[in-house]
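In our numbering, the protein residues as written are 4 to 212. Backbone N, C-alpha and C define an ideal beta-carbon position, used for all residues, glycine too. These numbers come from a predicted model, not from an experiment. Report on one structure; see the data block that follows.
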Ligand code: PRP
Ligand code: URA
């Protein structure tokens, strides 16, 4: 079973409170989402494998560690996942970026896939899906399906706010993946919004309504 972790570093909690506030405007919202994603990248990459290399410092030769193995792909679920890409890339600059376009039908709450563009050889890569909201879990489950169908094996899902319903659905459908959230909230309301949540992440990031 993959892990489910809430990354509740004080800096993350502080920035989460800023973006939950309905008075937080688009510019500050975008800035904080970017910063939280960067802080989360630090924890999400904790189990990346290292290899030993010999280099020469200005004084002596020595053996030191550098990242080895699987190349990372950051996969935002459009639109709102885009807000987390730059923060992750600040920490993992060599990562490639694949995109999954998906929207949730407001009536049925079912996700609809409209775009997928991935780098080649997903089976050799470490995939990090980013989306601020894990609500019913429908979008996350479909995104992981899309990556597995294309050969991906090592997949992590990183969100800002998770609802218990979404965590359960994603773990049931894909027990092998690791899930990271900045906060685990209380429940979904009758419209599928996370309570207390932060509203519609895409609209708040891009200033749409
Ligand atoms: C939001 C969010 C997730 C999805 C979560 O996207 O960014 O992708 O809803 O809901 P679920 O867990 O119930 O599937 P939305 O469909 O609003 O699209 P947008 O990012 O384009 O605004
Ligand atoms: N999508 C959002 O953007 N917010 C929610 O609360 C649920 C789904």
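field: Proximity test, residue 143 beta-carbon vs the ligand PRP heavy atom, cut-off 8 Å
entry: By 1-based counting over the chain shown, the position of residue 143 is 140. Yes, the beta carbon of residue 143 sits closer than 8 Å to at least one heavy atom of the ligand PRP.
- prompt: Sorry if obvious, but does the Cβ on residue 202 come closer than 8 Å to a heavy atom of the ligand URA?
  reply: Numbered from 1 along the chain shown, position 199 holds the residue referred to as residue 202. The answer is yes for residue 202.
message: For residue 67 and residue 60, I'd like the C-alpha separation in whole angstroms.
response: For the purposes of this step, residue 67 is taken as residue 64 along the chain shown, with counting starting at 1. For the purposes of this step, residue 60 is taken as residue 57 along the chain shown, with counting starting at 1. Cα-Cα distance, rounded: 10 Å.
task: Could you have a look at residue 27 and say whether DSSP puts it in helix, strand or coil?
output: Locating residue 27 in the chain shown gives position 24, where the first residue counts as 1. In this structure, residue 27 counts as coil in the three-state DSSP scheme.
task: Since I believe residue 105 is in contact with residue 40 (beta carbons under 8 Å), could you give me their beta-carbon distance rounded to a whole number of angstroms?
output: In the chain shown, residue 40 corresponds to position 37, counting from 1. In the chain shown, residue 105 corresponds to position 102, counting from 1. That pair is no contact at about 18 Å.
query: With contact counted as at least three CB pairs below 8 Å, one residue from each stretch, are the stretch 119–131 and the stretch 90–103 in contact?
result: yes
Reference residue 220, options 43, 63 and 71, closest by Cα: Because residue 220 is not part of the residues shown, which for the chain are 4 to 212, the question remains open.
message: I need the DSSP call for residue 121, collapsed to helix, strand or coil.
response: Taking the first residue of the chain shown as position 1, residue 121 is located at position 118. Residue 121: coil per DSSP, three-state reduction.
query: Nearest CA to the CA of residue 45: which residue from 115, 81, 74 and 94?
result: By one-based count along the chain shown, residue 45 stands at place 42. The residue with the shortest Cα to Cα distance from residue 45 is 94.
message: To the nearest angstrom, how far is the alpha carbon of residue 132 from that of residue 90?
response: As a working mapping, residue 132 is identified with position 129 in the chain shown. As a working mapping, residue 90 is identified with position 87 in the chain shown. Each residue's Cα considered, the two are about 13 Å apart.
message: Below 8 Å, is the gap between the Cβ of residue 150 and the nearest heavy atom of the ligand PRP?
response: The count along the chain shown starts at 1 and reaches residue 150 at position 147. Flag unset: Cβ of residue 150 not near the ligand PRP.
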